[in-house]
Ligand SMILES: CC(C)(COP(=O)(O)OP(=O)(O)OC[C@H]1O[C@@H](n2cnc3c(N)ncnc32)[C@H](O)[C@@H]1OP(=O)(O)O)[C@@H](O)C(=O)NCCC(=O)NCCS
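Right under this line is the structure:
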């Protein structure tokens with residue numbers, strides 16, 4: 758089946774809520790995601806083939822974007838889907854004039870670190886005790902385009 762990236766539709770909300778809670782312990786709700794979708798700065802995209810494989814949540818503000826969540830469901834990992842998804846999103850962002858992309862990642866999240874480094878992100882700062890369990894975050898940065 759062909760991999761497709763599409764914007765979130767209302768039928769995706771339960772899927773997003775389930776995995777935000779499962780992978781990030783964000784205690785989000787259907788209501789919160791519905792509210793987020795009213796915010797023009799917040800964007801969700803879903804990666805699918807025959808079924809949903811993962812999603813990404815971004816803030817896009819003028820020429821900057823911040824990746825808030827990226828998930829590939831555990832049964833579909835290590836097949837290059839995360840790379841495909843992010844690389845395509847970075848291309849879309851570049852096309853719409855985004856110049857800088859940032860994200861936070863746990864130093865213990867080796868899979869995500871490897872993926873982001875492969876995509877050209879560099880660690881630019883440490884956010885002390887950023888996560889609920891006291892773990893620091895690496896702030897990662899990627900500039901898009903050459904100007
Ligand atoms: C991080 C995540 C999105 C990666 O998705 P994925 O589809 O498995 O990634 P890919 O298959 O495209 O792999 C990309 C690179 O990362 C590496 N990688 C993937 N899983 C890895 C692991 N467990 N340990 C080390 N490297 C790993 C791959 O080896 C690959 O590099 P390579 O091609 O040079 O070998 C996925 O693991 C995930 O959803 N994790 C849970 C949520 C999460 O932590 N999101 C990120 C929050 S910032």
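Residue numbers (our numbering): 758 to 904.
We treat Cβ as the ideally placed atom computed from N, Cα and C, and that holds for glycine.
> Ends of the beta strand (DSSP E) at residue 825?
Replying inline: The sequence position of residue 825 within the chain shown is 68, counting from 1. Run containing residue 825: 821-829, per the beta strand (DSSP E) assignment.
>> Suppose you measure from the CA of residue 898 to the CA of residue 807; what does that come to, to the nearest Å?
In response: Residue numbering aside, residue 898 sits at position 141 when the chain shown is read from its first letter. Residue numbering aside, residue 807 sits at position 50 when the chain shown is read from its first letter. Their Cα atoms are separated by approximately 33 Å.
> Just curious, the beta strand (DSSP E) that residue 815 is in, first and last residue?
Replying inline: The sequence position of residue 815 within the chain shown is 58, counting from 1. Start and end: 809-818.
>> Suppose contacts are defined by Cβ-Cβ distances below 8 Å. Is residue 847 in contact with residue 839 by that definition?
In response: Here residue 847 corresponds to residue number 90 of the chain shown, with the count starting at 1. Here residue 839 corresponds to residue number 82 of the chain shown, with the count starting at 1. Their beta carbons are not under 8 Å apart, which means residue 847 does not touch residue 839 by this criterion.
> In terms of DSSP beta bridges, what is residue 860 paired with?
Replying inline: The residue given as residue 860 occupies position 103 in the chain shown. Beta-bridge pairing links residue 860 to 824 and 897.
>> Per the DSSP calculation, residue 800 is bridged to which residue(s)?
In response: Taking the first residue of the chain shown as position 1, residue 800 is located at position 43. According to DSSP, residue 800 bridges with 815.
>> Does the beta-carbon of residue 877, which I'm using as the reference point, lie nearer than 7 Å to any heavy atom of ligand 1?
In response: As a first step, residue 877 is located in the chain shown; it is residue number 120 there, counting from the start. Result no, Cβ not under 7 Å from ligand 1.
>> By the DSSP assignment, the alpha helix (DSSP H) with residue 886 in it spans what residues?
In response: Counting from 1 along the chain shown, the entry for residue 886 is found at position 129. Here residue 886 belongs to no alpha helix (DSSP H), and DSSP marks it neither H nor E.
>> Can you determine whether any heavy atom of ligand 1 sits closer than 7 Å to the C-beta of residue 860, and answer yes or no?
In response: Translated into positions along the chain shown, residue 860 becomes position 103. Because some heavy atom of ligand 1 lies under 7 Å away, the Cβ of residue 860 counts as near it: yes.
>> Helix, strand or coil for residue 853? Go by DSSP, reduced to three states.
In response: As a position in the chain shown, residue 853 is number 96, starting the count at 1. If DSSP states are grouped into helix, strand and coil, residue 853 belongs with coil.
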